[in-house]
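Using numbering that gives the first Met the number 0, the first residue of the sequence shown is number 0, and each one after it goes up by one. Ideal Cβ placement from N, Cα and C applies to all residues, glycine included.
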Amino acid sequence: MTETRTTTPQRQARAVRLGPRSVTALVLVSAVGVVGFGWPFLTPPTSRLSAHAQDAPWLFAGLLVLLVAVVAAAISESGLGPKAVAMLGVLAATGAALRPIGAGTAGIEPMFFLMVLSGRVLGPGFGFVLGSVTMFASALLTGGVGPWLPFQMLAMGWFAMGAGLLPGPDRLRGRTELVLLAVYGFLAAFAYGTVMNLAGWPFMSALASNVGFDPHAAVATNLARFLAYCLATSLGWDLGRAVVTVVLTLALGPAVLRALRRATRRAAFETPVTFDAPRS
């Protein structure tokens with residue numbers, strides 16, 4: 000008679016466990032971010048916000064800087080310990096270094112696949128902070144600091160956080176997980192490009208182009224203009240980003256996922272750090 004032994008998948012450790020305060024802060028900044036990105040379609044032509052179409056992105060950019068800082072602080076209070084900070088620094092530096100590799104070349108942006116895999120392994124809370132910090136560090140490295148930076152930080156935070164919210168973090172492994180991450184990376188790369196178009200599109204005057212934002216036009220008219228703007232200016236770039244993300248995820252995903260999970264186990268994020276009393 001042979002004994003059969005069943006193994007229960009071990010719960011995956013998280014670098015940050017989101018508490019009620021962190022979740023509330025994330026929901027708040029996401030809600031404000033949705034308004035900040037989508038206000039051209041949420042306000043009637045007669046509103047004061049539409050009357051200040053050239054100023055509104057600057058106002059939302061300033062507000063998002065403060066809110067992203069609040070979210071980072073709230074998540075830190077939830078348990079972003081020294082081990083997680085060290086992991087955050089390494090991954091953010093790696094992502095920031097990867098971004099300039101394909102800068103200006105048909106959307107070849109290898110940092111996106113790293114954000115997907117990191118968010119998957121380390122969880123949504125860590126993913127949001129990692130995406131925001133990586134984009135900020137990348138902007139300092141490449142000199143890309145401007146009113147668009149807070150929108151980039153929020154959008155990349157969403158991008159990495161979404162990977163941490165995908166199903167099956169403890170059980171799904173192998174080819175199925177890679178396909179899931181590749182599909183998510185492909186769709187999220189397009190979503191990132193679309194929301195970033197929303198951040199810059201209101202600066203384009205309708206007088207300069209027939210695809211620019213017209214604060215006096217109806218919502219349906221501006222939506223058609225925006226779709227035409229995306230097709231004309233960013234479709235090729237977004238497609239390149241999506242394809243590169245899929246290719247790198249499928250090619251390097253198994254090795255990177257194993258490395259991240261091994262580092263997570265060894266770091267034992269959920270084990271508190273204790274210090275022995277000095278010997279007398």
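Length of the line joining the Cα atoms of residue i and residue j
i: residue 8; j: residue 41; result: At residue 8 the pLDDT is 49, less than 50, meaning the model places this residue with poor confidence and gives no usable figure here.
i: residue 87; j: residue 181; result: 23 angstroms
i: residue 28; j: residue 37; result: 14 angstroms
i: residue 191; j: residue 154; result: 6 angstroms
i: residue 33; j: residue 198; result: 11 angstroms
i: residue 165; j: residue 125; result: 14 angstroms
i: residue 251; j: residue 258; result: 11 angstroms
i: residue 113; j: residue 170; result: 21 angstroms
i: residue 152; j: residue 261; result: 28 angstroms
i: residue 209; j: residue 224; result: 7 angstroms
i: residue 51; j: residue 144; result: Note on residue 51: pLDDT 46, under 50, position unreliable in the model; the coordinate value appears next. Cα-Cα distance, rounded: 23 angstroms.
i: residue 21; j: residue 127; result: 11 angstroms
i: residue 216; j: residue 39; result: 10 angstroms
i: residue 243; j: residue 189; result: 12 angstroms
i: residue 146; j: residue 179; result: 34 angstroms
i: residue 226; j: residue 236; result: 15 angstroms
i: residue 246; j: residue 98; result: 16 angstroms
i: residue 109; j: residue 219; result: 35 angstroms
i: residue 82; j: residue 31; result: 31 angstroms
i: residue 231; j: residue 201; result: 16 angstroms
i: residue 183; j: residue 175; result: 12 angstroms
i: residue 286; j: residue 93; result: Because the chain spans 0 through 279 in this model, residue 286 falls outside it and cannot be assessed.
i: residue 111; j: residue 85; result: 20 angstroms
i: residue 281; j: residue 163; result: Any question about residue 281 goes unanswered here, given that the chain covers just 0 to 279.
Residues near residue i in its chain [Cβ-Cβ closer than 6 angstroms; skip 5 each side]
i: residue 229; result: 196
i: residue 95; result: 133, 136, 137 and 140
i: residue 156; result: 127, 130 and 131
i: residue 148; result: 138
Burial state of residue i (16 or more Cβ within 10 Å)
i: residue 221; result: buried
i: residue 248; result: buried
i: residue 123; result: buried
i: residue 121; result: buried
i: residue 119; result: buried
i: residue 89; result: exposed
i: residue 264; result: exposed
i: residue 173; result: exposed
i: residue 254; result: exposed
i: residue 214; result: buried
i: residue 24; result: buried
i: residue 311; result: Here the chain comprises residues numbered 0 to 279, so residue 311 is not present and cannot be evaluated.
i: residue 19; result: exposed
i: residue 91; result: buried
Presumed contact (8 angstroms Cβ cut-off) between residue i and residue j, rounded CB distance
i: residue 239; j: residue 107; result: 6 angstroms
i: residue 241; j: residue 185; result: 5 angstroms
Residues near residue i by beta carbon distance below 7 angstroms, same chain, minus five either side
i: residue 187; result: 158 and 161
i: residue 256; result: 116 and 120
i: residue 233; result: 192 and 196
heavy atom of the ligand HEM below 8 angstroms from residue i C-beta
i: residue 186; result: Although the ligand HEM was asked about, the structure shown includes no ligands whatsoever.
Per-residue DSSP class, three states only, for residue i
i: residue 272; result: Residue placement at residue 272 is flagged as unreliable, the pLDDT there being 49, under the threshold of 50; the coordinate-derived value follows with that caveat. In the structure shown, residue 272 sits in coil (DSSP, three-state: anything other than H, G, I, E or B).
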